[in-house]
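Trainee:
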Amino acid sequence: MSQLREGEPSTPDPLAPDRPSPDPLALAELARAVAQEAADVLLASHGQAAVVQVKSSPTDVVTQLDRAAEQLIRDRLLAARPADAILGEEGGQTGHGSVRWIVDPLDGTVNYLYGLPDWAVSIAAEVDGEVVAGVVCVPLQRAMFTATLGGGAFLESAWQDRRQRLACNADVPLASALVATGFGYESARRSTQGQVVASVLPRVRDIRRTGSAANDLCSVATGHVDAYYEQGVHEWDIAAGGLIAREAGAMMGGLAGEPPGEAMTIAAHPALFGELHDLLAGLDAGRMPG
Ligand code: IPD
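Going by this note's numbering, the residue at position 90 of the sequence shown is 343; the numbering climbs one at a time, nothing skipped.
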């Protein structure tokens, strides 16, 4: 055995066994329990939240419940796995572990503020940079969406008291597609998004705007919409819902082979993804507002 002198950098021992990667199912189970607890806190105050901060624009609001839910999620995740990193919409990035949780404690904040039903708690677990587990809890649909990388996507519905494997809609041409999208909070970005959607609308069946990107991606997974696209989303909006959509058979990406992200996020069954991608690319839908 080699002796390490003080100050000498340690090098990995090639004979040492690899640290086992955490089990995606165990990460999903933890995320599920924590999301349910946060959802219960949010439900108890639904319709009573007050705005405590504005972010990118006066309509980009934070309520005290966004903060309380994120704090609860952080506390519970770190109690179970103290070495992990967390990226949260409200609290930013903390920690450095190889497991990173990506958390939107309340996706659809404006819906929540107005007492509308489409809002969700979204928690994803990334291991070494890859999302391996994702959970989206939509309390007013009594729905818990879960996915693990390679393990499929599932919906547990308390209405129907059943767990169902999800598959997105296949073989839908663009002209017949029901397409979900969303709009950011800054007026310059909205102006671009408005121009793009005006050109998309005549070429598809119709447009839906729920006000929650996580919900939209889960709707791709269930087949309640055929496709989703949006410019300006953040990692926390799409990490969990994105895995759920992909595990249900959707392709997810940005424009011109870019990964999904702020410039553009598109999700749909592969053939429809290609058609929608080409339409959006032709409209220069990923252009920066200005
Ligand atoms: C927003 C929602 C909305 C989308 C916006 C997001 P938030 O997240 O997901 O549907 O259009 O781009 O910022 O602010 O409610 O967490």
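Where is the CB? At the ideal position from N, CA and C, for every residue including glycine.
(1) Quick check for students: name the residue ranges of the beta strand (DSSP E) that lie wholly in the segment 319-352, counting only runs of 3 or more.
(2) Kindly confirm or deny that the segment 348-359 and the segment 320-339 touch, where touching means at least three C-beta pairs closer than 8 angstroms.
(3) In terms of DSSP beta bridges, what is W354 paired with?
(4) If you measure from each residue's Cβ to the nearest non-hydrogen atom of the ligand IPD, which ones come out under 7 angstroms, in chain order?
(5) So the candidates are A538, A420, L325, W489; which of them puts its Cα closest to the Cα of Q346?
(6) With DSSP as the reference, label S472 as helix, strand or coil.
(7) Flag this pair as yes or no: are the beta carbons of V389 and A493 separated by less than 9 angstroms?
(8) Tell me the DSSP secondary structure of L280 in three-state form.
(9) What does DSSP give as the partner residues of C421 in its beta bridges?
(10) Rounded to the nearest angstrom, what separates P426 and L525 at their Cα positions?
(11) Can you name the start and end residues of the beta strand (DSSP E) that A396 belongs to?
(12) Out of curiosity, what's the CA-to-CA distance linking S263 and T463?
(13) By how many angstroms is the C-alpha of L330 removed from the C-alpha of A451?
Mentor: According to the structure data:
(1) 338-341, 345-347
(2) yes
(3) I339, A378
(4) D313, E342, D357, L359, D360, G361, T362, V363, G435, F436, G437, Y438, T463, G464, S465, A466, A467, D469, E483, G485, V486, H487, D490
(5) W489
(6) helix
(7) yes
(8) helix
(9) According to DSSP, C421 bridges with nothing at all.
(10) 6 angstroms
(11) 396-401
(12) Note that S263 scores 42 on pLDDT, short of 50, meaning its location in the model is unreliable and no value can be drawn from it.
(13) 42 angstroms
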